[in-house]
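Colleague: Sharing a structure with you now.
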Amino acid sequence: MPVMRYAAEPLLATEGPTGMYATRIFPSRARCAGVIAALLLTAGGVAHADNVSGAQERAAAEFLAAAASGDPQAVAYAIHPTELEALRLRILGQLRDEAKRNDNTLRGRLFGTAMPLADLERLTSVGFYTTLARRLQLGGRQYREVDGITAIPDKDGVVLVVVRGKPPRERGTVNIPHVVAIKPYGKDWKAVVPAQIEAQIEDLAQGRRTAPGPAAAAANPQAPGTAAPVDPGVPPAIVELLSNAEKSVTDGRCEEYYDKYMSPNFRRVTSKKAREALIHGCTISTGTREMLVSTLRIVRGLSPRYEYEGQRAVYDLSGQGLPYNRFVLEQVDKRWYIAE
Numbered sequence: 007m008p009v010m011r012y013a014a015e016p017l018l019a020t021e022g023p024t025g026m027y028a029t030r031i032f033p034s035r036a037r038c039a040g041v042i043a044a045l046l047l048t049a050g051g052v053a054h055a056d057n058v059s060g061a062q063e064r065a066a067a068e069f070l071a072a073a074a075s076g077d078p079q080a081v082a083y084a085i086h087p088t089e090l091e092a093l094r095l096r097i098l099g100q101l102r103d104e105a106k107r108n109d110n111t112l113r114g115r116l117f118g119t120a121m122p123l124a125d126l127e128r129l130t131s132v133g134f135y136t137t138l139a140r141r142l143q144l145g146g147r148q149y150r151e152v153d154g155i156t157a158i159p160d161k162d163g164v165v166l167v168v169v170r171g172k173p174p175r176e177r178g179t180v181n182i183p184h185v186v187a188i189k190p191y192g193k194d195w196k197a198v199v200p201a202q203i204e205a206q207i208e209d210l211a212q213g214r215r216t217a218p219g220p221a222a223a224a225a226n227p228q229a230p231g232t233a234a235p236v237d238p239g240v241p242p243a244i245v246e247l248l249s250n251a252e253k254s255v256t257d258g259r260c261e262e263y264y265d266k267y268m269s270p271n272f273r274r275v276t277s278k279k280a281r282e283a284l285i286h287g288c289t290i291s292t293g294t295r296e297m298l299v300s301t302l303r304i305v306r307g308l309s310p311r312y313e314y315e316g317q318r319a320v321y322d323l324s325g326q327g328l329p330y331n332r333f334v335l336e337q338v339d340k341r342w343y344i345a346e
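Be aware that the sequence shown starts at 7, since it is given in our numbering, and climbs by one per residue.
Here is the structure:
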């Protein structure tokens with residue numbers, strides 16, 4: 007049988023917005039019996055359990071394998087489409103309400119302040135979750151096979167499936183049970199959004215935890231139209247470059263941005279046609295200009311890593327909601343430019 011990967015994050019049965027879900031693993035048979043008994047007592051007053059059907063076992067296995075793969079898109083496809091869409095609509099509603107108040111705190115915490123609301127609104131439910139998942143964490147463990155133990159009906163059509171994972175022979179003999187909440191999907195079953203994920207989203211939204219990466223700007227998003235405090239250790243010439251470049255983009259002077267503030271090396275290796283396309287895209291797209299402005303404002307609040315004897319300044323932008331993870335400046339003839 008081919009080796010499959012399944013979620014390894016320890017799981018404990020807890021109540022979540024979409025029903026009961028496991029957030030901690032119990033590694034012994036006795037403890038497995040204990041968690042099943044607890045589920046029988048707490049799952050909406052239900053007092054019986056059923057055998058796990060092949061379709062239910064496959065749904066639980068699909069979700070656990072996706073979680074262990076580390077691929078957010080795989081996780082999204084393993085979740086019931088209705089549940090995933092409900093998550094998207096709920097968060098988008100909160101973001102729209104926030105935008106009406108001229109605020110971006112929630113958007114900054116969940117996606118990064120550089121991610122425009124308009125771009126989030128265009129995403130499908132799978133794309134929305136994949137983007138959000140950059141700030142979420144799911145673990146994984148490799149199993150030789152997964153066996154269904156019992157299925158416990160819960161409220162709203164959700165069923166709690168208990169399965170036991172058997173590790174590859176070279177990885178020991180401890181079998182680990184998991185509890186996965188699933189619901190009907192036609193003739194099949196799909197996992198609901200795990201309470202573990204819902205809890206992480208809630209923690210991010212409330213500021214109880216921050217995403218990995220340089221979180222100064224993401225954890226404390228600035229009000230619209232303002233920039234993060236400038237690092238006093240950054241050379242004044244760099245601060246001036248960032249400020250002037252931001253003003254050009256804010257005023258819609260995209261040609262000036264690419265001709266005056268982009269590095270001569272960048273202009274030399276960029277064809278005329280490509281340069282004109284960049285300028286045109288910046289000129290006609292409000293979203294593009296907003297992203298450029300957000301990038302420049304975030305960079306102003308970060309400390310760069312210097313390379314080539316101080317001739318290049320590299321900023322780490324991971325976790326900021328941008329489609330790129332770094333921003334580079336370089337010094338040419340004693341003057342600073344945007345390199346990429």
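Built from N, CA and C at the ideal position, the CB exists for glycine as well.
Just so you know, these numbers come straight off a predicted model, no measurement behind them.
#1: To the nearest angstrom, how far is it from the Cα of VAL345 to the Cα of GLU204?
#2: Taking three-plus beta-carbon pairs below 8 Å as touching, is the region 117–125 in contact with the region 151–158?
#3: To which residues does DSSP link THR156 through a beta bridge?
#4: Along the chain, where does the beta strand (DSSP E) that runs through HIS184 open and close?
#5: Out of curiosity, what's the CA-to-CA distance linking GLU296 and GLU252?
#6: Taking the straight line between their C-alpha atoms, what separation do you get for VAL299 and MET121?
#7: Along the chain, where does the beta strand (DSSP E) containing GLU313 start, and where does it finish?
#8: Ends of the beta strand (DSSP E) at ASP194?
#9: Report, in whole angstroms, the separation of the C-beta atoms of ALA74 and ARG140, which I expect to be a contact under 8 Å.
#10: Does DSSP classify ASP56 as helix, strand or coil?
#11: Compute the beta-carbon to beta-carbon distance between SER254 and GLU336, rounded to the nearest angstrom, for a pair I have assumed lies under 8 Å.
#12: Given SER131, which residues of its chain have a CB within under 6 Å of its CB, disregarding the five upstream and five downstream residues?
#13: From what residue to what residue does the alpha helix (DSSP H) around ASP209 run?
#14: Grouping DSSP H, G and I as helix and E and B as strand, with all else coil, what is LEU4?
#15: Mapping the DSSP letters down to three states, classify ALA74 as helix, strand or coil.
#16: Within a Cβ cutoff of 8 Å, which residues of the same chain sit near GLY51, ignoring the five residues on either side of it in sequence?
#17: Which whole runs of the beta strand (DSSP E) in the region 285–326 are 3 residues long or more, in chain order?
#18: Using only the alpha-carbon positions, how far apart do ASN108 and LEU101 sit?
#19: Using DSSP's beta-bridge definition, name the partner residues of LEU335.
#20: Using the Cα positions of ARG303 and TYR321, report the straight-line distance between them to the nearest angstrom.
#21: Considering only residues of the same chain and omitting the five flanking positions on each side of LYS172, which have a CB-CB separation below 8 Å?
#22: On the CB-based measure, 16 or more other CB atoms within 10 Å of its CB, does GLN317 come out buried or exposed?
#23: Could you give the C-beta distance for ALA187 and VAL198, rounded to a whole number, given that I count them as a contact under 8 Å?
#24: On the DSSP letters alone, give me the boundaries of the alpha helix (DSSP H) that ARG177 sits inside.
#25: Taking its Cβ as the centre, do 16 or more other Cβ atoms sit within 10 Å of VAL275, making it buried, or is it exposed?
#26: Taking Cβ positions, are ALA105 and GLY293 nearer each other than 8 Å?
#27: Using CA atoms only, rank isn't needed, just tell me which of LEU166, GLN206 and ASP103 is closest to ALA196.
#28: Kindly list the residues whose CB is nearer than 8 Å to the CB of ARG281, restricted to its own chain and excluding five residues on each side of it in sequence; keep chain order.
#29: Could you pull the start and end residues of the alpha helix (DSSP H) that ARG3 belongs to?
#30: Using the C-alpha atoms, what's the distance from THR88 back to PRO190?
#31: Report the residue from GLU261, ARG341, PRO241 and ARG175 whose alpha carbon sits nearest the alpha carbon of GLY307.
Modeller: Reading it off the structure:
#1: Position 339 of the sequence shown holds residue 345. Position 198 of the sequence shown holds residue 204. The identity of residue 345 in the sequence shown is Ala, whereas the question assumes Val. Going from the Cα of ALA345 to the Cα of GLU204 covers about 40 Å.
#2: no
#3: Along the sequence shown, one-based indexing puts residue 156 at 150. According to DSSP, THR156 bridges with VAL168.
#4: In the sequence shown, residue 184 corresponds to position 178, counting from 1. Run containing HIS184: 182–191, per the beta strand (DSSP E) assignment.
#5: Residue 296 sits at position 290 when you count from the first residue of the sequence shown. Residue 252 sits at position 246 when you count from the first residue of the sequence shown. Computed Cα separation, rounded: 10 Å.
#6: Position 293 of the sequence shown holds residue 299. Position 115 of the sequence shown holds residue 121. Roughly 11 Å between the two C-alpha positions.
#7: The count along the sequence shown starts at 1 and reaches residue 313 at position 307. Note, GLU313: beta strand (DSSP E), 311–313.
#8: Within the sequence shown, the letter at position 188 stands for residue 194. Segment 194–197, the beta strand (DSSP E) holding ASP194.
#9: For this step, residue 74 is matched to residue 68 along the sequence shown. For this step, residue 140 is matched to residue 134 along the sequence shown. About 18 Å separates the two Cβ atoms, so there is no contact after all.
#10: For the purposes of this step, residue 56 is taken as the residue at position 50 of the sequence shown. DSSP places ASP56 in strand when its eight states are reduced to three.
#11: Reading the sequence shown from its first residue, position 248 is the one you call residue 254. Reading the sequence shown from its first residue, position 330 is the one you call residue 336. Actually they do not touch by this definition, with Cβ atoms about 18 Å apart.
#12: What you label residue 131 is simply residue 125 of the sequence shown in a count that begins at 1. Same-chain partners within the cutoff: LEU90, GLU91 and ARG94.
#13: To locate residue 209, count along the sequence shown from 1; it is residue 203. Looking at the DSSP string, the run of the alpha helix (DSSP H) that includes ASP209 is 201–211.
#14: A question about residue 4 goes unanswered here, because the residues of the chain that appear run from 7 up to 346.
#15: Sequence index remark: in the sequence shown, residue 74 carries index 68 (1-based). Three-state result, ALA74: helix.
#16: Taking the first residue of the sequence shown as position 1, residue 51 is located at position 45. With a pLDDT of only 48 at GLY51, under the threshold of 50, the placement of this residue in the model should not be trusted; the figure read from the coordinates follows. Excluding positions up to five away in sequence, the list is empty.
#17: 311–313 and 318–322
#18: Here residue 108 refers to the residue found at position 102 of the sequence shown. Here residue 101 refers to the residue found at position 95 of the sequence shown. Those two C-alpha atoms are separated by around 11 Å.
#19: If you number the sequence shown from 1, residue 335 lands on position 329. Answer is ALA319 and ILE344, bridged to LEU335.
#20: The residue you call residue 303 lines up with position 297 of the sequence shown. The residue you call residue 321 lines up with position 315 of the sequence shown. About 12 Å.
#21: On the sequence shown, residue 172 is found 166 positions in, with the first residue counted as 1. Result list for LYS172: TYR149, ARG150, GLU151, VAL152, ASP153 and ASN181, in chain order.
#22: What you label residue 317 is simply residue 311 of the sequence shown in a count that begins at 1. The residue is exposed, with fewer than 16 neighbouring Cβ atoms inside 10 Å.
#23: For the purposes of this step, residue 187 is taken as the residue at position 181 of the sequence shown. For the purposes of this step, residue 198 is taken as the residue at position 192 of the sequence shown. Confirmed, about 5 Å.
#24: Position 171 of the sequence shown, counted from the start, is the residue given in the question as residue 177. ARG177 -> no alpha helix (DSSP H), and no H or E assigned at all.
#25: Position 269 of the sequence shown, counted from the first residue, corresponds to residue 275. It is exposed - the Cβ of VAL275 has fewer than 16 other Cβ atoms within 10 Å.
#26: Against the sequence shown, residue 105 aligns to sequence position 99. Against the sequence shown, residue 293 aligns to sequence position 287. No.
#27: The residue given as residue 196 occupies position 190 in the sequence shown. For clarity, residue 196 is Lys in the given sequence; the question names Ala instead. The shortest Cα separation from LYS196 among LEU166, GLN206 and ASP103 belongs to LEU166.
#28: Position 275 of the sequence shown, counted from the start, is the residue given in the question as residue 281. Within the same chain, ARG281 has close Cβ partners TYR264 and ARG273.
#29: Any question about residue 3 goes unanswered here, given that the chain covers just 7 to 346.
#30: Looking up residue 190 in the sequence shown gives position 184. Looking up residue 88 in the sequence shown gives position 82. Their backbone Cα atoms lie some 11 Å apart in a straight line.
#31: Position 301 of the sequence shown, counted from the first residue, corresponds to residue 307. Nearest of GLU261, ARG341, PRO241 and ARG175 to GLY307, Cα basis: PRO241.
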